[in-house]
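Have a look at the structure below, then the notes.
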Amino acid sequence: MTTVRDDPTAAASAHADGATRPRPPSSLRTARILLAKDLLLELRSLETLPAMALFSITTFVIFHFALDRTTVSGQLAAGILAGTLLFASMLAINRLFVAEREQGGFDGFLLAPVDRTALLLAKAAALFLFLVVLEVVAVPAFAVLLLGPALGARLGGIVVVLLLADVALAVIGTLVSAIAVHTRARDLIGPIVGLPLLIPALIGTARGLGSVLSAHGSHWPPGKWLAIVALYDLVFALLAYAVFDFLLED
Amino acid sequence: MSHARGLRGLIFATIAMTMAALALVFFYAPLDADQGFVQKIFYIHVPMAIVSLCGFVLGALLAIGHLRTGDRKWDLRSYVAIHMSLIFGVAALIMGSIWAKASWGHWWVWDDPTLVSFLIVLLLFATYQPLRFAIEDPERQARYASVFAVVAGAFVPLNFIAVRLSQGFVHPRVLTLTGGNLPGSMRLTFTVAVLAVALLFATLCIFELSAKRTRIELRRLRRELLGDDAVAALRRSAAPS
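Structural data, given as structure tokens:
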């Protein structure tokens, strides 16, 4: 495990040494290396993704009993789906920086002559990919277990809304996770800070999905909600870019 | 004392303004035709909510000062602004609830966007103290709290837009930036009330700031005179020290 974790730093310094004029790798290249490290780590340990998928499916079963419904549609279905994905994402957000914190990855990264924003980029991308994989499992499971209207024609709309929502979850999740990982009770601080911050994104997602999942009407989300979530993505991406460096100083 | 320069003038101004506001509320402003006497809570509740929101944004701006300069005094100011705004915010929420019960018959209504947005903002800022408390290193605590304050400050307007749009229909606005449809006497009373609450906020903030500064100064002097060992180590604290 340790060798895997040390790889990016080693690769980065080897790259710098090999050149005639030592030059740090570009942010994008650093981010790609870090992302590859995170994905490899997840692929080998399978720690987070199976837990998230299981959590969502269990939550759908819980909603079935709690609401006493065999099928749901419209805003109710959208709320269940969006809420479940939001809570499942908290699992990944809590774990996002734990390896860095516990195994000295932060120190290794700070010692490397690389742009610090690369870590934000890599972690947000990793979280985004985790969420996409989660949805590949959770949305069909939701369609089989609870969703009344057929999924087929609605898939395009769902994909668009969820991709926009994933950006918000990934950006805010990375920011919150980076704040929470250095606190004593990080498993508590992550969700209590993250959930209120994500409420506007949830509003946009749930409302957008609501009209897609309704039994009648258009299968396409209203532009208003897409615009809200996209605006939220943009503002928080810029904000995260502006403040992330301060979370890494030591 | 240099920490509290100008405090006396501010206190007198606050007292005068608060008295004037209360006098206007009870003796000048007309009774509301529909809601009667209970509507007068509006003159305290709305100014408190406005001042509290402005205080949160002020906390974010002061936090930017801390991140830019690295000077801990900005963190202290940001902490005090957010701390005081939280107190004002809780008070505003409780008064809003009372007003809602009196005028709409329910303690809580979900279809008033301002009320709901305010609750979400308050829920977010309520995590400011737990977050600070969970970080032991004072330097890191100050830095992380500032990052949180900046993010949360930017969240305030975005949240209001999102919640506002999520309402299918929008209530008639009692108050808009242009003054809405308030009659002149009510608007005058309301303006004086906003000023009074803002002055109260400023006074309390300066009180808390000078108390905190005095405590820090006292610790420094004790350490200087009695030696490091004589001064007990600080317990873990959410407040800057």
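Protein sequences appear in the order of chains Z and D.
According to my numbering, the first sequence is numbered sequentially starting from 1.
According to my numbering, the second sequence is numbered sequentially starting from 1001.
Ideal placement from N, C-alpha and C gives every residue a C-beta, glycine not left out.
When you check each C-beta in the segment 1199 to 1227 of chain D against every C-beta of chain Z, which residues fall closer than 9 Å?
Under the 9 Å Cβ criterion, the segment 1199 to 1227 of chain D contributes no residue.
To the nearest whole angstrom, what separates the beta carbons of alanine 254 of chain Z and leucine 163 of chain Z, a pair I think is in contact under 8 Å?
No answer is possible for residue 254 of chain Z: the residues shown for chain Z start at 1 and end at 250.
Which residues in chain D sit within 8 Å of leucine 120 of chain Z, going by Cβ to Cβ distance?
In the first sequence, counting from the first residue as 1, residue 120 of chain Z sits at position 120. Under the 8 Å cutoff, chain D gives no residues; its nearest Cβ is about 12 Å from leucine 120 of chain Z.
Here's the rule I'm using: 16 or more other beta-carbon atoms within 10 Å means buried, otherwise exposed. How should lysine 1040 of chain D be labelled?
In the second sequence, residue 1040 of chain D corresponds to position 40, counting from 1. Burial call: buried.
Enumerated in chain order, which unbroken segments of the alpha helix (DSSP H) with a length of 4 residues or greater are wholly contained in the segment 1097 to 1174 of chain D?
1113 to 1125, 1128 to 1133 and 1138 to 1166, all fully within the segment 1097 to 1174 of chain D.
Check each residue of the segment 239 to 250 of chain Z: if its Cβ is closer than 9 Å to any Cβ of chain D, include it; give the result in chain order.
Those residues of the segment 239 to 250 of chain Z that come within reach of chain D (Cβ to Cβ, closer than 9 Å) are Leu239, Ala240, Ala242, Val243, Phe244, Phe246, Leu247, Glu249 and Asp250.
Checking contacts by CB at 8 Å: is histidine 1144 of chain D closer than that to chain Z?
Counting from one through the second sequence, the residue named residue 1144 of chain D turns up at place 144. What sits at residue 1144 of chain D in the sequence shown is tyrosine, not histidine. Answer yes: the Cβ-Cβ gap between tyrosine 1144 of chain D and chain Z drops below 8 Å somewhere.
Going by Cα to Cα distance, which pick from Z:Tyr241, Z:Val212 and Z:Leu121 is closest to glycine 152 of chain Z?
Taking the first sequence and counting its residues from 1, the one referred to as residue 152 of chain Z is at position 152. It is Z:Val212.
Identify each residue in the segment 1116 to 1134 of chain D for which the Cβ-Cβ distance to at least one residue of chain Z is less than 7 Å, and report them in chain order.
So the close ones are Ile1120, Leu1123, Leu1124, Thr1127, Pro1130, Leu1131 and Ala1134.
Extract the residue ranges of the beta strand (DSSP E) inside the segment 1006 to 1061 of chain D, only unbroken runs of 3 or more that lie entirely within it.
Counting whole runs of 3 or more residues, the segment 1006 to 1061 of chain D contains no beta strand (DSSP E) stretch at all.
Can you tell me whether valine 1197 of chain D is helix, strand or coil according to DSSP?
Here residue 1197 of chain D refers to the residue found at position 197 of the second sequence. Valine 1197 of chain D falls in the helix class under three-state DSSP.
Consider the Cβ of threonine 205 of chain Z: report whether some Cβ of chain D lies at a distance smaller than 8 Å.
The residue you call residue 205 of chain Z lines up with position 205 of the first sequence. Answer no: the Cβ-Cβ gap between threonine 205 of chain Z and chain D never drops below 8 Å.
Anything in chain D within Cβ reach of threonine 183 of chain Z, meaning under 7 Å, just list it in chain order.
Within the first sequence, numbered from 1, the residue matching residue 183 of chain Z stands at position 183. What threonine 183 of chain Z touches in chain D: Leu1131, Ala1134 and Ile1135.
Taking Cβ-Cβ distances below 7 Å as the criterion, which residues of the segment 222 to 237 of chain Z are in contact with chain D?
The residues in question are Lys224, Ile228, Tyr232 and Val235.
Indicate the three-state DSSP secondary structure (helix, strand or coil) for leucine 147 of chain Z in the structure shown.
Here residue 147 of chain Z is taken as the residue at index 147 of the first sequence, counted from 1. In this structure, leucine 147 of chain Z counts as strand in the three-state DSSP scheme.
Does leucine 197 of chain Z get closer than 8 Å to chain D when you measure Cβ to Cβ?
By one-based count along the first sequence, residue 197 of chain Z stands at place 197. Output row for leucine 197 of chain Z: interface = yes.
Would you check if the segment 207 to 224 of chain Z and the segment 70 to 79 of chain Z touch, i.e. whether three or more CB-CB distances between them fall below 8 Å?
Yes, the segment 70 to 79 of chain Z touches the segment 207 to 224 of chain Z.
Just curious, the alpha helix (DSSP H) that valine 217 of chain Z is in, first and last residue?
Here residue 217 of chain Z refers to the residue found at position 217 when the first sequence is read from its first residue. Per the sequence shown, the amino acid found at residue 217 of chain Z is glycine instead of valine. Element bounds for glycine 217 of chain Z: n/a, residue is neither H nor E.
With distance defined between alpha-carbon atoms, name the residue in Z:Asp187, Z:Ile189, Z:Pro222 and Z:Arg101 nearest to threonine 205 of chain Z.
Along the first sequence, one-based indexing puts residue 205 of chain Z at 205. Of the candidates Z:Asp187, Z:Ile189, Z:Pro222 and Z:Arg101, the one whose C-alpha sits nearest the C-alpha of threonine 205 of chain Z is Z:Pro222.
Report all residues from its chain with a CB closer than 8 Å to the CB of tyrosine 251 of chain Z; omit the five preceding and five following residues, and keep chain order.
The requested residue 251 of chain Z does not occur in the structure, where chain Z is confined to residues 1 to 250.
Where does phenylalanine 63 of chain Z land, buried or exposed, given buried means 16+ other C-beta within 10 angstroms?
In the first sequence, residue 63 of chain Z corresponds to position 63, counting from 1. Classification for phenylalanine 63 of chain Z: buried.
Can you give me the C-alpha to C-alpha distance between alanine 170 of chain Z and threonine 30 of chain Z, rounded to a whole angstrom?
Numbered from its first residue, the first sequence carries residue 170 of chain Z at position 170. Numbered from its first residue, the first sequence carries residue 30 of chain Z at position 30. So the two alpha carbons sit approximately 19 Å from each other.
Tell me which same chain residues have a C-beta within less than 8 Å of the C-beta of valine 1109 of chain D, skipping the five on either side of it?
One-based indexing of the second sequence puts residue 1109 of chain D at position 109. These residues qualify, in order along the chain: Ala1100 and Leu1115.
Which of the residues in the segment 162 to 195 of chain Z, read from start to end, lie with their CB under 7 Å from any CB of chain D?
Answer set for the segment 162 to 195 of chain Z: Leu175, Ile179, His182, Thr183, Arg184, Ala185, Ile189, Ile192 and Val193.
Taking the alpha helix (DSSP H) that phenylalanine 63 of chain Z falls in, what are its first and last residues?
Against the first sequence, residue 63 of chain Z aligns to sequence position 63. Start and end: 49 to 67.
Output yes or no for whether 8 Å exceeds the beta carbon distance between alanine 256 of chain Z and phenylalanine 97 of chain Z.
Given that chain Z is displayed from residue 1 to residue 250, the structure contains no residue 256 of chain Z and the question cannot be resolved.
Check whether the segment 1043 to 1060 of chain D touches the segment 1142 to 1156 of chain D, counting contact only when three or more Cβ pairs, one atom from each stretch, lie closer than 8 Å.
With the cut-off at 8 Å, the segment 1043 to 1060 of chain D and the segment 1142 to 1156 of chain D touch.
Inspect the CB distances between the segment 1196 to 1209 of chain D and the segment 1018 to 1025 of chain D and report whether three or more fall short of 8 Å.
With the cut-off at 8 Å, the segment 1196 to 1209 of chain D and the segment 1018 to 1025 of chain D touch.
Closest Cβ-Cβ distance between alanine 1233 of chain D and chain Z: below 8 Å?
Numbered from its first residue, the second sequence carries residue 1233 of chain D at position 233. No, no contact with chain Z.
Could you check how far apart the C-beta atoms of methionine 1095 of chain D and isoleucine 1044 of chain D are, in whole angstroms? I think they sit under 8 Å.
As a working mapping, residue 1095 of chain D is identified with position 95 in the second sequence. As a working mapping, residue 1044 of chain D is identified with position 44 in the second sequence. The Cβ separation is near 6 Å, so the contact holds.
Looking at the structure shown, is valine 136 of chain Z part of a helix, part of a strand, or coil, going by DSSP?
Taking the first sequence and counting its residues from 1, one reaches residue 136 of chain Z at position 136. DSSP places valine 136 of chain Z in helix when its eight states are reduced to three.
Who are the neighbours of serine 1166 of chain D on chain Z, taking C-beta pairs under 8 Å?
For the purposes of this step, residue 1166 of chain D is identified with residue 166 of the second sequence, where counting begins at 1. In chain order: Ile203 and Arg207.
Go to aspartate 1071 of chain D, then tell me how far its alpha helix (DSSP H) extends in each direction, as first and last residue.
Here residue 1071 of chain D is taken as the residue at index 71 of the second sequence, counted from 1. Counting along the chain, aspartate 1071 of chain D falls outside any alpha helix (DSSP H), and DSSP gives it neither H nor E.
Measure the Cβ-Cβ separation of alanine 141 of chain Z and phenylalanine 55 of chain Z and say whether it is below 8 Å.
Numbered from its first residue, the first sequence carries residue 141 of chain Z at position 141. Numbered from its first residue, the first sequence carries residue 55 of chain Z at position 55. No, the pair does not count as a contact, with Cβ atoms beyond the cut-off.
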